[in-house]
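Structure record follows, encoded as structure tokens.
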Amino acid sequence: MAEKFDNLEEHLEKFIENIRQLGIIVSDFQPSSQAGLNQKLNFMISGLQDVEKCRQQLHEINVPLEVFEYIDQGRNPQLYTKECLERALARNEQVKGKIDTMTKFKSLLISELSKVFPEDMAKYKVMRAEDPPS
Amino acid sequence: MTEMFSTMFGQNEAQGPPGSAALGFGSGKQPQSQASQPGQMPTQIGDEGPILRKPGASNEPFYLLRDLPVGNELTGNSNLITHYNLEHAYNKFCGKKVKEKLSNFLPELPGMIDCPGTQDGSSLRSLIDKPPVCGNSFSPLTGALLTGFRLHTGPLPEQYRLMHIQPPKKKSKHKHKHHRLQDPLPQETPSDSDPKKKKKKRDDDPDRKKKKKDKKKKKNRHSPDHPGLTGSQPNSSSLR
């Protein structure tokens, strides 16, 4: 899995470096640079071919669209991961709080009902003990 | 539906009053009669919840007592981050401070990548909204096609020089005030767009105006034509 990403990363780095060198050539062009420019253009096309080949290996990879918003705003995409983890933890704690509260409520309710309806609650406890969760 | 209830309670009519049998509070023999007739389990009405218990003596004095739900092993009661082995990831992203800018994530990428993509049309969102034409294969450029890439000699115009420019470094505020008066205007760079130049000029102009006004006021005070002039002033030659 990591090898597929490494392969793609390598091709992209080469492609970006090629484009950067192309930009340097073009920024102050000389007639003698024409051959180099042509070579860089063909390297660019071969780079795109290599990237397209990598696409087939990565068709199962899904990227959340929210990450694209972070990148478009010039923000670090790791912040998205961080915020996902923080939200998951916060939600986990919230649900745990609800479960704990409901458990306490149940035990309080049973104890209070046992005071008011002792016989019925004894039957209820027997029935619940007989029938485990299905 | 009515046939189901009649088969369940049909044999019980002789035993007790029909009202109590219909409500499910009959004698203890009812479960046996029901067990001897297979295929008469009460079917669930809709899929709203667990299967309703058979109304019978076993549930006395409770009515419509449902079964307890199946207890899942994994609930919000447990720490899901440790369950899914994400502690390392959590410590990595939430324990340390993650830098805000995209250039901190991709330090080797050239150009100004911290600017929003909508400014220069390089947003990923636009790529999703308007996907490029795919399907055609990439073929190398031939000699005839390469003739279109014959460029003029010389440097590019400054407005097109975008590749090698770093974002301007922020100066501290207290230094900025000192350098404002002393240093000449900074050199032009393509990263300094026109609005920034205009802002600098606008910022300078009111200050210049104020200074000019102050100077004028001072001049007017010292001039002989000023009405507020008194004899104590040494420059007033008319009184002498």
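Chains as they are written, first to last, in my numbering: chain S, 10 to 143; chain Z, 5 to 244.
Beta carbons: idealized from backbone N, C-alpha and C, even for Gly.
Since the model is a prediction, treat every value here as computed from it, not as a measurement.
| Asked | Found |
| --- | --- |
| CB contact below 9 Å: S:ILE108 versus chain Z | yes |
| Cut-off 6 Å between Cβ atoms - residues of its own chain near S:ILE28, not counting five sequence neighbours on either side | none |
| Cα-Cα separation between S:ASN85 and Z:LYS96, rounded to whole angstroms | 14 Å |
| Z:PRO144 vs S:ASN51 beta-carbon contact at 9 Å | yes |
| Interface residues of chain S facing Z:PRO65 [CB-CB closer than 8 Å] | ASP129 and LYS132 |
| Start-end ranges of the alpha helix (DSSP H) lying completely within the stretch 82 to 137 of chain Z, minimum 4 residues | 84 to 87, 91 to 94, 106 to 109, 121 to 124 and 128 to 133 |
| Near-chain Z residues of the stretch 40 to 57 of chain S (beta-carbon distance less than 8 Å), N- to C-terminal order | PRO40, GLN43, LEU46, ASN47, LEU50, ASN51, ILE54, SER55 and LEU57 |
| Boundaries of the alpha helix (DSSP H) in which S:ASP59 is found, first to last residue | 43 to 66 |
| Supposed close pair S:LEU17, S:MET53 - CB separation, criterion 8 Å | Contact doesn't hold; Cβ gap of about 17 Å is too wide. |
| Secondary structure of S:ASP37, DSSP reduced to three states | strand |
| Beta-carbon spacing of S:ALA97, Z:LEU84 below 9 Å | yes |
| Proximity of Z:ASP118 and S:GLY83 at Cβ, strictly below 9 Å | yes |
| Close Cβ partners of Z:LEU110 (< 7 Å) along its chain, the five nearest in sequence each way excluded | ILE117 |
| Z:GLY121 and Z:SER130 closer than 9 Å at C-beta | yes |
| Sufficient close CB pairs (3 or more, under 8 Å) joining the stretch 142 to 159 of chain Z to the stretch 37 to 46 of chain S | yes |
| Proximity test, Cβ basis, 9 Å: Z:HIS156 and chain S | yes |
| S:ASN5, enclosing alpha helix (DSSP H) - first and last residue | What the structure shows of chain S is the stretch from 10 to 143, and residue 5 of chain S is not part of that stretch, so it cannot be assessed. |
| Under 9 Å between C-beta atoms of S:TYR89 and S:VAL104 | no |
| Beta-carbon gap between Z:ARG154 and S:GLN43 smaller than 9 Å | yes |
| Exposure label - S:HIS20; buried when at least 16 CB within 10 Å | buried |
| Beta bridge counterpart(s) of S:ARG84 as assigned by DSSP | Z:LYS105 |
| Status (buried if at least 16 other CB within 10 Å, exposed otherwise) for S:ILE80 | buried |
| Under 9 Å between C-beta atoms of S:LEU117 and S:MET130 | no |
| Cross-strand partners of Z:PRO144 (DSSP beta bridge) | Per DSSP, none; premise fails for Z:PRO144. |
| Within chain S, the residues that Z:LYS219 reaches when beta carbons sit closer than 8 Å | The premise fails here: Z:LYS219 is roughly 45 Å from chain S at the closest Cβ pair, so nothing lies under 8 Å. |
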